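Let me begin by presenting the structure, written as structure tokens, before commenting on it.
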Amino acid sequence: MNDTAADRLDSHEIPVWLLGELRSDQAGETGAVAIYEGILWVSRDTKIRRFAEDHLRTEQSHLTKINSVLPAKSRSRLLPLWRAAGFVTGALPSLFGARAIYATIAAVETFVDEHYLQQIERLDREQLLPTVRELLADCREDEIHHKQEAEQAMGAGPQLVLRTWCRIVDFGSRIAVAIERR
Ligand SMILES: [Fe+2]
Ligand SMILES: [Fe+2]
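Everything in the sequence shown is counted per our numbering, starting at 1 for the first residue and increasing by one.
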């Protein structure tokens, strides 16, 4: 595997807890790219496709950013798994229409917003690595946009079946992060 700009950041500089978080971010952004690929694989709705294409580009840029600060030896070894999980998380609700897609994205981005926020807050508390902090804050800002866009497009809150699905998505995200933090 190639070393990247990450290795300019001496990995001794990055505390172990942050390496775990960045690995979970890499997993998450890999999954996010795949979610939109899954949506685009299924949906023929022009509005949905434009939404997914825009978001896909942003998630690809997040993945590039995270890869640029994660040292090669700390990368996730489970990326194929997160790619498959993300693809299903995008493709499945696409079979049920626009509201299901927007509800899924709102659930994912609500999780990701908090996930980035707790990393940013810890970096602030420990006064560490301001460049990494800024990079995470930039990603988080985009995720908040994605969440708001999905919530607006969805209109009224999701009904029972959809709420249950969103809870499953949230639970799955938590499991993935727990696995990658180790
Ligand atoms: Fe992202
Ligand atoms: Fe996002």
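C-beta: ideal position from N, C-alpha, C; glycine also. Here the structure is a predicted model, which means the values were calculated and not measured.
Around the beta-carbon of residue 170, fewer than 16 other beta-carbon atoms lie within 10 Å, marking it exposed. By the Cβ neighbour-count rule, residue 23 is buried, with 16 or more other Cβ atoms within 10 Å of its own. No residue range can be given for residue 73, since it is assigned to no alpha helix (DSSP H) and is classified by DSSP as neither H nor E. Closer than 8 Å to some heavy atom of ligand 2: that describes the Cβ of residue 146. In chain order, 140, 143, 144, 147 place their CB closer than 8 Å to the CB of residue 113, counting only its own chain and leaving out the 5 sequence neighbours on each side. DSSP places residue 19 within a helical segment (H, G or I) once states are collapsed to three.
When distances are taken from the beta-carbon of residue 32 to the heavy atoms of ligand 1, the shortest one is below 8 Å.
Distance from the CA atom of residue 99 to the CA atom of residue 159, rounded to whole angstroms, is 10 Å.
The closest CA to that of residue 163, considering only 26, 63, 36, 105, is found on 105.
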